[in-house]
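Per my numbering, the very first residue in the sequence shown carries number -13; after that it's consecutive. Ideal Cβ placement from N, Cα and C applies to all residues, glycine included.
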Amino acid sequence: MIAFVALVLVAASAVVVARGAFDGDGDGGSGPGGGGSATSLATVTRRSLSQTTQFNGTLGYAGSYTVLGRAPGTVTWLPDAGQVIGQGQVLFRVDGAPVALLYGSTPAWRVLAEGALASDVTGADVAQLNHDLVALGYVHKADVDSAWDEFSWATKAGVDKLQDHLGVDQTGRLDFGAVVFLPTAARVTALQAVLSGPASGPVLQASSTAHTVSVALEADLQAEVKAGDRVMITLPDGSITPGIVTAVGRVATVPSTNSGGSGGPGGADSGPTVPVQVRPTDPGAIGSLDQALVEVAITDRTVRDVLAVKVSALLALAGGGYAVEVVDADGTHHLVAVTSGLFDDATGMVQVSGTGLAAGQRVVVPGDA
-13 MIAFVALVLV AASAVVVARG AFDGDGDGGS GPGGGGSATS LATVTRRSLS
37 QTTQFNGTLG YAGSYTVLGR APGTVTWLPD AGQVIGQGQV LFRVDGAPVA
87 LLYGSTPAWR VLAEGALASD VTGADVAQLN HDLVALGYVH KADVDSAWDE
137 FSWATKAGVD KLQDHLGVDQ TGRLDFGAVV FLPTAARVTA LQAVLSGPAS
187 GPVLQASSTA HTVSVALEAD LQAEVKAGDR VMITLPDGSI TPGIVTAVGR
237 VATVPSTNSG GSGGPGGADS GPTVPVQVRP TDPGAIGSLD QALVEVAITD
287 RTVRDVLAVK VSALLALAGG GYAVEVVDAD GTHHLVAVTS GLFDDATGMV
337 QVSGTGLAAG QRVVVPGDA
C-alpha cells in the first residue's frame, strides 16, 4: 500500500508535465516535458495480470505419523529423534528382533504368509508388500506384476531376502508386528516408548522427509487459489525460493483470539481461514529448517485479456480519478480518462479501461520507468 501511495504521488506530479507537453511542438519521442522532467513512451497492451498477497506461514515437514508396536515384548532399541529411516530399514527392536519400515498406506493388520486360504493372502497390504520387495530389489517385477495383490512364491522368496538383510531367520513369512507400513521414509520427531518398556502401543512419532509450508488463507480467497499454483517463499534469512500449492482445504475455521503468527495479513483477529499446503520446489534452498516462520506470496486474483499500462503511466486528476497521456501517431498528446483495476506488483502493470483507449497506443511514462 505504501508503494502504491508513492506511485500516486509521483503520478499526480506528472499531471503538470502532461499538460505542459501540450504546449510543445507535438514531438512524441522521449525527452523532457514542459516541467523539465524526462519522459518516455510505453505501449498499452492486452494481457493477463495477477495480484499477489503476502501470507505468514510455517515451514516444517509434511505428514504426521504415530508408529505403533503391535507385538508383545520389550523395547530393546530405539532410533534418535531427527533420525531418518527409509524403506527396508529398522524402525525399532522388540526383544532384539527388528521391526522394519515398508512403504504403504494400508497398515499392517495380519500375518502375511504363503499357504493360507486365498482370502488371507490377497489384498492391498500384499500389493504394497510386493511393490516394496520390487523396489528393494528382492523380487523381479515380472514375477508379480500379473497379480500384485497375491502372496505368491515370488513374494515368499522376496521376504526371505528381506529377512536375510535384517539378520533374522528366513521363514518367508511376516508375523504380525514384524513390519510397519508408512507412506514415506520416516523422520523421527519424538519417542513415546522407552528402552526396557513394553513394545505394544505408541512407540514413536514421525513425519515425512519432505518440507511443506502451512498457510492459513482467508476463506474468501479460497476460490482464487488451487493446487498447482506457483508461489514465492521468503525464508528467515531473506532469500526467496519458489514453491507450488499442493492442497487447499475445503473447510474453513475461525482462528482463536490468542493465536497468531500463522494467519493472513489480518493476524489473530482475521476471519475464517482455510489451510493451504505449499511444497518448496528447491529442497536445497530449505536445508534443515523446521518450524520456521516464512512469508508466502500467493496469487489470489487473476484477470485475463485486459488492457494494461505501466503503473507509472497513471496520472491523478485534480477532480479525482485517473488518466493516461496518449501520444497519437502524428505526435499529438491528449489525456484519456481511465478506470483502474487490478494492480500487478510483479510486473508493475495495472488494468485500465476507458473510452478511446486501445491496445497498441503509446502513453507517456517517466523517463526512468
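Proximity of residue i and residue j at Cβ, strictly below 8 Å
i	j	result
Ala67	Thr175	yes
Leu328	Val289	yes
Arg173	Ser194	yes
His151	Gly74	yes
Tyr124	Lys142	no
Phe41	Ile284	yes
Ala28	Val295	yes
Asp135	Gly153	no
Arg287	Glu210	yes
Val70	Ala86	no
Ala179	Pro188	yes
Leu78	Leu190	Reading off the sequence shown, one finds Phe at residue 78, where the question assumed Leu. Yes.
Val107	Asn116	no
Met335	Val297	yes
Arg56	Phe137	no
Ala35	Leu275	The amino acid at residue 35 is misidentified as Ala; the sequence shows Leu. Cβ atoms of Leu35 and Leu275: not closer than 8 Å.
Ala302	Val351	no
Other residues of its chain near residue i: CB distance less than 8 Å, five sequence neighbours each side excluded
i	result
Lys212	Val231, Val234
Arg159	Val97, Leu98, Ala99, Glu100, Lys142, Val145
Ser339	Val292, Leu293, Val324, Thr325, Gly327
Gly183	Thr60, Val61
Ala271	Leu221, Ser225, Thr227
Leu181	Val61, Thr62, Trp63, Leu64
Trp95	Asp111, Phe162
Arg32	Asp291, Val292, Leu293, Ala294, Ala345
Gly342	Val312, Val322
Simplified DSSP state of residue i, which is helix, strand or coil
i	result
Pro352	strand
Glu429	No answer is possible for residue 429: the residues shown for the chain start at -13 and end at 355.
Ser26	strand
Ser298	helix
Thr39	strand
Asp286	strand
Pro228	strand
His151	helix
Gly187	strand
Val112	helix
Gly270	helix
Leu119	helix
Gly327	strand
Leu343	coil
Val145	helix
Asp291	strand
Trp373	Here the chain comprises residues numbered -13 to 355, so residue 373 is not present and cannot be evaluated.
Ala57	coil
Ala192	strand
Ala128	helix
Ala133	coil
Ala309	strand
Ser245	Note on Ser245: pLDDT 46, under 50, position unreliable in the model; the coordinate value appears next. Ser245 falls in the coil class under three-state DSSP.
Ala67	coil
When the options are compared against residue i, the one with the closest alpha-carbon
i	options	result
Thr267	Ala185, Ala196, Ser200	Ala196
Pro84	Pro65, Asp331, Gly144	Pro65
Tyr51	Phe137, Thr31, Val166, Met335	Val166
Ala315	Gly214, Val53, Gly346, Ala304	Gly346
Val237	Pro261, Thr227, Pro222, Pro228	Pro261
Val217	Val351, Val280, Ser186, Val112	Val280
Asp331	Pro228, Gln37, His126, Pro241	Gln37
Pro269	His126, Val282, Thr198, Gly307	Thr198
Leu54	Ala164, Ala278, Gln156, Val350	Ala164
Gly229	Val282, Arg32, Gly72	Val282
Ala278	Gly342, Arg33, Asp223, Arg32	Asp223
Ala192	Ala128, Gly214, Gly72	Gly72
Thr239	Val349, Gln208, Tyr89	Gln208
Contacting residues, own chain, Cβ-Cβ under 7 Å from residue i (five flanking each side not counted)
i	result
Asp81	Gly59, Thr60, Thr62
Pro93	Phe167
Gly307	Ala323
Close-in-space but distant-in-sequence residues of the same chain around residue i (CB under 6 Å, 5 per side omitted)
i	result
Thr170	Ser194
Gly353	Ala24, Thr25, Ser26
Leu122	Gly74
Gly10	Caution applies to Gly10, whose pLDDT of 37 falls short of 50 and renders its modelled position unreliable; the model cannot decide the point.
Ala140	Val125, Asp129, Val130
Neighbour flag for residue i against chain C, beta carbons, 8 Å
i	result
Thr288	The structure shown contains no chain C; it holds only a single protein chain.
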